[in-house]
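So the protein lines, in turn, are chains A and B. For reference, each letter of the first sequence is one residue, going 1 to 347 in the numbering used here. For reference, each letter of the second sequence is one residue, going 1001 to 1800 in the numbering used here. In this text, a Cβ means the ideal position worked out from N, Cα and C, and glycines have one as well.
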Amino acid sequence: MAPDTDIQQLEASALEGLDAASDIAALEEWRVAYLGRKGRLTGLLRGLASLSIEERRTVGRAANELKDRLEEAHEARRHAVEEARVEQVIVGERRDVTLPGPPLPRGRLHPITQTMRDIVASLSGMGFQVAEGPEIEWDRYNFEALRIPQDHPARDMWDTLWIDYEKDGRRPMLMRTHTSPNQIRVMEQREPPIRIIVPGKCYRFEATDATHEWMLTQVEGLAVDEGISLTDLKGTLAEFARQMFGRDRKVGFRCDYFPFVEPGMECRIDCFHCRGDGCRTCHQSGWIEILGAGMVHPEILANAGYDPERYTGFAFGMGVERIAMLRYGVDDIRHFYSNDLRFLRQF
Amino acid sequence: MRVPLRWLSEYVDLVLEPEELARRLTTAGVEVGEIITAGDWQNIVVGEVVKLDKHPNADRLTLPTVDIGGGERRQVVCGAPNIAVGQKIAYAAVGARLLDGHSGDAMVLRKAKIRGVESQGMVCSEKELGLGEAHEGILVLSPEAPVGAPLSEVLGDTVFDFDLTPNRPDLFSIIGIAREVAALTGQKVRDPSIQYEEKGPAVKGRAKVTVADPDLCPRYVGALIEGLKIGPSPDWMQERLTAAGLRPINNIVDITNYVMLEMGQPLHAFDYDRLAEHHIIVRRAEAGEKMELIDGSKHTFTNEMLLITDADRSVAVAGVMGGFDSEVTEDTTAVLLEAANFNGPNIRRTSNALKVRTDASTRFEKGLSQHLPPVAAARAIKLMVDHAGGKAATGVLDKNPGKAKEGRVTVTMERIVRVLGIELSTKRIREILTALGFGARWMPPDRFVVRVPYWRTDVSIADDVIEEIARIEGYDQLPTSQLRGQIPELVPQPRRDLRERVRDALVDAGMQEIITYSLTDLESLRKVLPKEELAAAPPLRVSNPLSRQWEYARTTLRHALLDTLASNLRGDQSLISLFEMARVYLPREDDLPNEVEMAFGVVSGREPDRWGRPTGEPANFYAAKSRLDHVFAALRITADYREATASAYLPGRTAEVFVGGVRVGLIGEVHPRVVESFDIGREVAMFEVDLDALLPHVSEIVHFQPVSAYPAVEEDLAIVVAKDVAAGRALELIRASKLVASASVFDVYSGDPIAAGKKSLAFAISYQAEGKTLSDADVAKERRRIVERLQRELGAELRA
């Protein structure tokens, strides 16, 4: 058989086979059959050994040209097959994009944790560091060191759950009613400058209703240094309130009394529901109380061993539940600790 | 404290609308909790008398025509002599509710003909409107009153209900509020009159006061008023008391109450003739002493309680309540009036111990001024002389007068700037202080010497005075600034950092955070803790729990998670996975409890299928473990699980969790009996981790390990072991090999063809060397060693 004829026959059968290959696997099979190491084209080239040099050159060239053509045809065919495959997917195997993916578990933080983190983040940005303290406290830290001695009428401001433990005829141990005792603990251990926040649970002997819980979460702030004044307190609280409730909030201050500060104040924001006109959220006042604050009483600084002529400071404290209720529009504080998943999963 | 504005206006002109006044007071620290509008007049409006005709049939009656606004006029019949054209009057239409002018009973105005002429409504007197006793003539309104306006708008009384702070006992009085109003609105206070004539003989010798315990009674003023006629107090007084929330009783009691509300000084009137030897003795009670009080309650006293007694018996609990036997009665003709000052904390202690809180005790406990008793006594004597026919004895008995000095405080300008952050003019400072009743003497170059008025017992240091300046100036008037200066050195918070990382990891693992109460009841603890543990270390108990449900400081959270799970079951099998981060309170001898940071989790229900339906396997031990291991992975630590038993957990499906050789927690399926006791009705897996125990084993720092440049050889290995051999033990033995880069279990099987009592464990092992490519021979040699070790240690056979 003449080599030329062989080449023509090989080409014809190869192209026919290529047309028949309709998927990637068949194409690969074809490629191995014709162009592979043990394929028919290689076999044909091996057969050249018996030819003269002249013939070898001619046939060799023709065979190499054929190889190029087959490779090109293979490439074109492969491309067409792939295109057809994609077309098949596009046309016949659509995804219903409205169907859900398989579910992944979704966990959420409790809304009080979320609010607490926002509060801590805001104040951390102003240089306040977290300092935590015990939830079951001595009367000394919770009251006496804060200028609320035994039988002081201000004790009515913090109705107390007492621990059943007596010493020297008195009950010195209690569920802390506020996070303020940790102010004292920190001042006992550190020297100014001090800039701390105390987050944590507190407890009150208080009947529960839509706005009162016996367990509550507070954040207390304390800054002591040379040159701290009431205007700094106002600036710090105003910035905090705007970070938490929106930059366009108006912030107001009124005089209030806490035994451990002098002067004392309450910080309010203009009602974001009615913008100050008066509505149910703000009890028609146009203002919403968000926290209590004041300049640290000089006696407390002196008791901590600081010179009250040299150092001044401010303190503030807020209820996290109240902040969360305002931010999320929750109308009943009892939702938070009833832990109904239909409530918790909204946050 | 309820303050009717009409009463208040007797001492200070009210130049602001009530709402604005309330706002200013509140901003200055005198919080108006509620504004109550009194005078519920319907169908009564302001009218103007435009014409006055004679009544055809009666000389003493007239027929005024009243313009009632809106172009309407009404002709009424009127008997008042003072009516005149041009007056603004209160016109009541038919249907209005009034008080009968004679009997004072409530009535509804009906259509009526009077002496043959129809009256289209009525022109009202004060008495008919319930405003006072006057019925001789009609009430003439201010000429400015707008015709047609509802009378309630023109005349209705407004009551401020104050939420006062305990540092200001002076504000528990109308005059105290008047002083604040005056300072805030630039008005002057009109003090009530305390002038009276002493018509009786000297009190000295006819009555006697002995203060045996002056530490508890720094001052005692006793005054004698005789010739009294007990009867109702004047109407205006009754109205004011009623408006302020007190019930009128008789003129003497009403006067003592009236002066208490007016001046803030509680008073007590003893029946002079019923006081043995006319002798008042103020002394501590003898332990066990008893008395019946005015309200009929009977009490036994301790020797820390202060009593008022006469020569024979006790007549009052000092500062709290009078005794039954010495009460003023209808037959009383003379009283010994007490105006005293008592030790605040002592009164508070007594009142709390007896559970008797009165208007008197709530004032005394806040610490009243020692200068107040003689002033208030004089005021009450004057009222008794004027309104109860009393004759005041000459002089009063005053024990321990003049002991308390007026306060003086030096306030430097430097301190004002230091505290407030700004400078205020000396003029403005003096203005504010003077308006509040302080004396302010400027001592050049830089300070004020401030005289504190006697009623301001709360002001004793410079910063107190500075607050006065700031609150009247208004905090909102002060500028704002930001903190400057050095930011304190960072104090690490590893405990908090760990807690927050664990919290995030649990959320990451698909768990929902809950927060439950820190207090619980014994019954809940008993369900989940062993009896012996509860008996050996009983939890801390609250001595005054709000409810038995919240009586004990919890030492575990198991019950809380199970309770919350139970309350969230909705009758399907949906997967619920909850966690809580909280402290438990472990009691310590004579010290605060150890508050341990814990993380608790529960998982229950079936895993969701591709469509999210709970059709998968019920969550079991492994569901809990994958979540807990997720946390450990986030912390980059490895935990060992060792089978164990624990209360509330199911034996055989429970493990202790160890990290770095230390037990840090528990994990397991909850015992079916416990599940049952919480009404859960399906399997529950739970875990608990002691974060304080875990803390030393957690490092923030990651140490980089070079990635091996040589390829790993992956192989599977299957062995057969006795059923009770833990896969973890086999893994440990496999991982002990130096060439094993990693190994994990991928199949556990028992049943045919594995012999009974045995199981097959399959492991995927990755071999890798640090410095070379492993040959087949290297791997085979290592594998043989591993198999030998497994045979030796576990009796394992290679699975064919």
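Check	Outcome
Near B/ASP1271, what residues of its chain come up, given a Cβ to Cβ distance below 6 Å and the 5 sequence neighbours on each side ignored?	SER1326, VAL1328, THR1332
Which residues share a DSSP beta bridge with A/TRP287?	A/ASP270
Tell me, to the nearest whole angstrom, how far the beta carbon of A/ILE197 is from that of A/VAL219; I am working on the premise that it is less than 8 Å.	6 Å
Is B/VAL1860 near A/ARG185, with beta carbons less than 9 Å apart?	Within the shown structure, residues of chain B are numbered from 1001 to 1800, placing residue 1860 of chain B beyond reach of any answer.
Between A/VAL219 and chain B, is any beta-carbon pair separated by less than 9 Å?	no
Does the beta-carbon of B/LYS1111 have 16 or more other beta-carbons within 10 angstroms, so that it is buried, or is it exposed?	exposed
Buried or exposed for B/ILE1514, please, with buried defined as at least 16 other CB atoms from any protein chain shown within 10 angstroms of its CB.	buried
Quick one: Cα of B/VAL1335 to Cα of B/GLU1226, how far?	7 Å
Opposite B/GLU1640 in the DSSP bridges: which residues?	First, the amino acid is wrong: residue 1640 of chain B is Asp here, not Glu. Paired residues: B/PHE1658.
Would you mind sorting B/SER1314 into buried or exposed? The rule is 16 or more other CB atoms within 10 Å of its CB.	buried
Return the chain-ordered list of same chain residues with a C-beta closer than 8 Å to the C-beta of B/PRO1593, the five sequence neighbours on each side being excluded.	LEU1540, ALA1553, TYR1585, LEU1586, PRO1587
Counting only beta-carbon separations shorter than 9 Å, does A/PRO153 have a partner in chain E?	Of the protein chains in this structure, namely A and B, none is chain E.
Check A/ARG342 in the structure and name its three-state DSSP category.	helix
Run down chain A in chain order and give the residues with a C-beta less than 7 Å from the C-beta of B/GLY1511.	With the sequence shown as reference, residue 1511 of chain B is identified as Met, and Gly is not the correct amino acid for it. Ordered by position in chain A, the residues that pass the 7 Å Cβ test against B/MET1511 are GLY107.
Using a beta-carbon distance cut-off of less than 7 Å, what residues from the region 1044-1066 of chain B approach chain A?	none
Buried or exposed: which applies to B/GLU1136, given that a residue is buried once 16 or more other Cβ atoms fall within 10 Å of its Cβ?	exposed
With a threshold of 9 Å between beta carbons, is A/PHE245 in contact with chain B?	no
Taking 9 Å as the CB-CB cut-off, is B/PRO1018 touching chain A?	no
Given a cut-off of 9 Å on the beta-carbon distance, is the pair B/ASN1341 and B/GLU1304 in contact?	no
Give the secondary structure of A/SER50 by DSSP, where H, G and I count as helix, E and B as strand, and everything else as coil.	helix
With the cut-off set at 9 Å, would you say B/ARG1179 and B/GLY1437 are in Cβ contact?	yes
Can you check DSSP and say which residues form a bridge with B/TYR1585?	B/GLU1595
Which residues in chain B have a C-beta closer than 8 Å to the C-beta of A/ARG195? List them in chain order.	LEU1483, ILE1487, PRO1488
Examine chain A for any beta-carbon lying closer than 9 Å to the beta-carbon of B/ASP1215, and answer yes or no.	no
For chain B, find out if any of its Cβ atoms is closer than 9 Å to the Cβ of A/TYR328; answer yes or no.	no
Here's the rule I'm using: 16 or more other beta-carbon atoms within 10 Å means buried, otherwise exposed. How should A/HIS212 be labelled?	exposed
Count the other C-beta atoms from every protein chain shown that fall within 10 angstroms of the C-beta of B/ASP1310, then say buried if there are 16 or more, exposed otherwise.	buried
Less than 9 Å between CB atoms is the rule here; does B/TYR1517 satisfy it with respect to chain A?	yes
Which same chain residues, not among the five before or five after B/MET1413, have their C-beta less than 6 Å away from its C-beta?	ASP1446
Identify which residue in A/GLN183, A/CYS255, A/ASN64, A/ARG247 has its Cα closest to the Cα of A/ALA131.	A/GLN183
Note down, in chain order, all residues in the region 231-244 of chain A with a beta-carbon under 8 Å from any beta-carbon belonging to chain B.	THR231, ASP232, LYS234, GLY235, THR236, ALA238, GLU239
Look up B/ALA1307 in the DSSP assignment and give the residues it is bridged to.	Reading off the sequence, residue 1307 of chain B comes out as Leu, not Ala. In the DSSP output, where bridge partners are listed per residue, B/LEU1307 has B/ARG1283, B/VAL1317.
Which residues, in chain order, does the region 1579-1600 of chain B contribute to contact with chain A at a C-beta distance below 7 Å?	ARG1583, TYR1585, LEU1592, PRO1593, GLU1595
Which value, in whole angstroms, describes the spacing of the CA atoms of B/GLY1612 and A/LEU104?	9 Å
Let me know the secondary structure DSSP gives B/ASN1352 once reduced to three states.	helix
Check whether chain A comes within 9 Å of B/VAL1317, counting only Cβ atoms and requiring the distance to be less than that.	no
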